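Going by this note's numbering, the first residue of the sequence shown is number -3, and it counts up by one from there.
Input: a single structure, listed below in structure tokens.
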Amino acid sequence: MSRKDVKLSGCGELCILCSNYLGYKESKCGGCNLTKGNPFWGECKTYACIEEKEVDHW
């Protein structure tokens, strides 16, 4: 995997390595786009900034 293949996530995790995103844990995360900044753990304050600045992310 090269750096250009890695997208940012609001929480700082790499979705492709995240146990919650991959479904290995009971608390599942669909990623920033699917949850619209409201993952299982609460509101993601970074999401609004990411969307406003049009940063490519998961």
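Glycine residues also receive a C-beta, built at the ideal position from the N, C-alpha and C atoms.
Keep in mind that this is a model prediction, so the values were computed, not measured.
What's the gap between the Cα of residue i and the Cα of residue j?
i     : j     : result
Gly26 : Gly33 : 10 Å
Glu48 : Lys21 : 31 Å
Check whether the Cβ atoms of residue i and residue j lie closer than 8 Å to each other.
i     : j     : result
Gly19 : His53 : no
Ile46 : Cys28 : yes
Phe36 : Ser23 : yes
Name the two residues that bound the continuous alpha helix (DSSP H) containing residue i.
i     : result
Ile46 : 41 to 48
Cys28 : 28 to 31
Leu18 : 15 to 18
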